[in-house]
Amino acid sequence: MGTLKPLVIGDLVAKHPVIQGGMGVGISLSSLAGAVAKTGGIGIISTAQIGFREPDFKKNPLEANLRAIGQEMKKAREIAPEGIIGFNIMVATKNYASYVKKAVKAGADLIISGAGLPVSLPEYVAEAAEEAGIVLKTKIAPIVSTVKSAMVICKLWDRKYHRAPDLVVVEGPLAGGHLGFSREELKNLGVDTSEVDLTYKQADYDEEVKGIIRLVKEYGDKYNKKIPVVTAGGIYTHEDVLHQLSLGVDGVQVATRFVTTVECDAPEEFKQAYILAEKEDIVITKSPVGMPGRAIKNPFLKGVGEVPFRLEHCYQCLERCDRETIPYCITKALVNSAEGRTGEGLVFCGSKAYLATGLETVEEVMNDLVGEN
Numbered sequence: 000m001g002t003l004k005p006l007v008i009g010d011l012v013a014k015h016p017v018i019q020g021g022m023g024v025g026i027s028l029s030s031l032a033g034a035v036a037k038t039g040g041i042g043i044i045s046t047a048q049i050g051f052r053e054p055d056f057k058k059n060p061l062e063a064n065l066r067a068i069g070q071e072m073k074k075a076r077e078i079a080p081e082g083i084i085g086f087n088i089m090v091a092t093k094n095y096a097s098y099v100k101k102a103v104k105a106g107a108d109l110i111i112s113g114a115g116l117p118v119s120l121p122e123y124v125a126e127a128a129e130e131a132g133i134v135l136k137t138k139i140a141p142i143v144s145t146v147k148s149a150m151v152i153c154k155l156w157d158r159k160y161h162r163a164p165d166l167v168v169v170e171g172p173l174a175g176g177h178l179g180f181s182r183e184e185l186k187n188l189g190v191d192t193s194e195v196d197l198t199y200k201q202a203d204y205d206e207e208v209k210g211i212i213r214l215v216k217e218y219g220d221k222y223n224k225k226i227p228v229v230t231a232g233g234i235y236t237h238e239d240v241l242h243q244l245s246l247g248v249d250g251v252q253v254a255t256r257f258v259t260t261v262e263c264d265a266p267e268e269f270k271q272a273y274i275l276a277e278k279e280d281i282v283i284t285k286s287p288v289g290m291p292g293r294a295i296k297n298p299f300l301k302g303v304g305e306v307p308f309r310l311e312h313c314y315q316c317l318e319r320c321d322r323e324t325i326p327y328c329i330t331k332a333l334v335n336s337a338e339g340r341t342g343e344g345l346v347f348c349g350s351k352a353y354l355a356t357g358l359e360t361v362e363e364v365m366n367d368l369v370g371e372n
């Protein structure tokens, strides 16, 4: 049996120190999040274009997405009535405040927020509870990638809201999807941004993680509470988990490993893209909004820039998106993949997606991660 300690976030206690990372569009919804929560981890639903299956999504994307937040939370709760279930909400989302408030009102145990610094998150969750006439129980966690970004958010929340985070998620350079690093920062950490990750200065980033832990402890001491720190990015095996815990973190956030589970909300074609991927197929690409992202090389990515792109419909997804200059619509690209047309879409993944060899159950993955096989 494993001997890993539970992950404690205030009054929330997860049996296993494993948070399942939020993956949009349509990859981590109620089925995956509910299954992870049921096995003793923390299940996370991604709000990124969460309502893409709603009949009015194209016409009213905001309304469809907000409606789906409530629906997916309800279904996840039915799977894991006693489990810990939360949402990942990108700061870059257009109408960000509306998503946060809906998640609180839907009963989220936790909101994890990145893709920008969630400077106003405390304000939005407090307003949501007040509007709904409920006691605020939702825990909040910023995603940071450096000591500098952790310091900015902790200092700002301290000064403006007189509070500290309930949890801090440290997302490293081996993560999937949009990354919290510039291309220059990735290169400095030894990540080959032209093609595949050939080298990685793990020891250097380990020191960054330790610096974040020290900083977060200062704010925890100030507010007389324990603020757990979890790391994310490139965590696939039990050995990966043990390495992260050896740095002094309280838990890990794992996304890619859960994609190839039976319970994952992704279509079979998406899961097969992971299973069939070789190491050299995993590349750093540029998102339409300028951020580096990690994805599987496929016909869609090879064709970007070769064919003139004309935006036919705007799904109102990201705050900073120049419709005149984008090489493709990221919502359309991600929805295509979420609907099984992976050759016509963007397949985001973590650096170790190529390790997938077949489907597993969430319980099997969890047992392997925590060493209880």
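Okay, so the sequence shown: first residue is 0 according to numbering that gives the first Met the number 0, each after it adds one.
The C-beta atom is built at its ideal place from N, Cα and C for all residues, glycine as well.
This structure is a prediction, so every number in the text was calculated from the model and none was measured.
Just to confirm, is the Cβ distance from residue i to residue j under 8 Å?
i      : j      : result
Glu262 : Thr341 : no
Thr137 : Leu155 : no
Leu61  : Lys101 : no
Thr260 : Val146 : no
Ile234 : Val253 : yes
Arg322 : Cys313 : yes
Val169 : Thr230 : yes
Gly115 : Ile78  : no
Ala149 : Ile211 : yes
Val387 : Val251 : The structure shown does not extend to residue 387, since the chain is modelled only from 0 through 372, so no value can be given for it.
Ala75  : Ala36  : yes
Asp165 : Ile139 : yes
Val103 : Ile88  : no
Pro141 : Ser97  : no
Leu135 : Val240 : no
Tyr123 : Ala163 : no
Met72  : Ala105 : yes
Gly176 : Gly344 : no
Glu362 : Thr38  : yes
Among the options, which has the Cα closest to the Cα of residue i?
i      : options                           : result
Arg213 : Leu116, Glu129, Ala102 and Pro227 : Pro227
Glu81  : Gly357, Gly219, Glu362 and Val12  : Val12
Thr236 : Thr230, Arg256 and Arg322         : Arg256
Phe86  : Asp280, Ala105, Ile43 and Asn64   : Ile43
Val17  : Lys4, Ala352, Thr92 and Gly23     : Lys4
Ala352 : His161, Tyr327 and Leu275         : Leu275
Val118 : Ala131, Val143 and Val103         : Val143
Leu300 : Arg319, His312, Lys104 and Pro326 : Pro326
Ala107 : Ala127, Lys159, Leu244 and Pro298 : Ala127
Glu318 : Val288, Val303 and Val346         : Val288
Gly20  : Thr46, Lys14, Val208 and Ala337   : Thr46
Tyr95  : Ala79, Gly171 and Leu120          : Leu120
Ala355 : Ser97, Val369, Gln271 and Ser286  : Gln271
Asn297 : Met290, Glu311 and Phe269         : Phe269
Leu358 : Gly302, Glu279 and Pro266         : Pro266
Leu246 : Gln201, Glu130 and Lys221         : Gln201
Glu238 : Thr38, Gly23, Asn366 and Arg76    : Asn366
Asp10  : Asn335, Lys225 and Ala332         : Lys225
Val208 : His242, Arg158 and Gly176         : His242
Leu28  : Lys57, Phe56, Gly69 and Gly39     : Gly69
Lys278 : Leu244, Asp249, Ser350 and Val248 : Ser350
Lys93  : Cys320, Lys331 and Val248         : Cys320
Tell me, please, which residues DSSP counts as bridged to residue i.
i      : result
Ile374 : Any answer about residue 374 is impossible in this case: the structure gives the chain only from 0 up to 372.
Phe86  : Ile44 and Ile110
Val373 : One cannot answer for residue 373 here, as it falls past the ends of the chain, which runs 0 to 372.
Ala13  : Leu6
Val253 : Gln19
Leu345 : Answer is none; Leu345 lacks a bridge partner.
Thr92  : Leu317
Thr360 : DSSP lists no partner for Thr360.
Ala294 : Val282 and Phe347
Thr260 : Glu359
Gly378 : Missing from the structure shown is residue 378; the chain here goes from 0 to 372 and no further.
Under 8 Å by Cβ, that's how I've got residue i and residue j pegged, so tell me the actual separation to the nearest angstrom.
i      : j      : result
Ala294 : Cys328 : Not really, about 15 Å apart at Cβ, beyond 8 Å.
Gly50  : Ala337 : Incorrect: roughly 12 Å between the Cβ atoms, too far for contact.
Cys153 : Tyr204 : Between Tyr204 and Cys153 the Cβ distance is about 20 Å, and since that is not below 8 Å, they are no contact.
Gln48  : Leu310 : Not really, about 16 Å apart at Cβ, beyond 8 Å.
Ser6   : Asp264 : Before going further, note that residue 6 is Leu rather than Ser in the sequence given. About 23 Å separates the two Cβ atoms, so there is no contact after all.
Gly232 : Gly302 : At roughly 28 Å, the Cβ-Cβ gap does not stay under 8 Å, so Gly232 and Gly302 are not in contact.
Less than 8 Å between CB atoms is the rule here; does residue i satisfy it with respect to chain C?
i     : result
Pro16 : No chain C is present in this structure, which holds just one protein chain.
Verify the contact flag: residue i, CB atom, against every heavy atom of the ligand SAH, threshold strictly below 7 Å.
i      : result
Asp220 : The ligand content of the structure shown is nil, which means the ligand SAH is not present either.
Can you list, in chain order, the stretches of the beta strand (DSSP E) that have 3 or more residues and sit fully within the region 18-50? For the region 18-50, whole beta strand (DSSP E) runs of length 3 or above, ordered along the chain, are 41-45.
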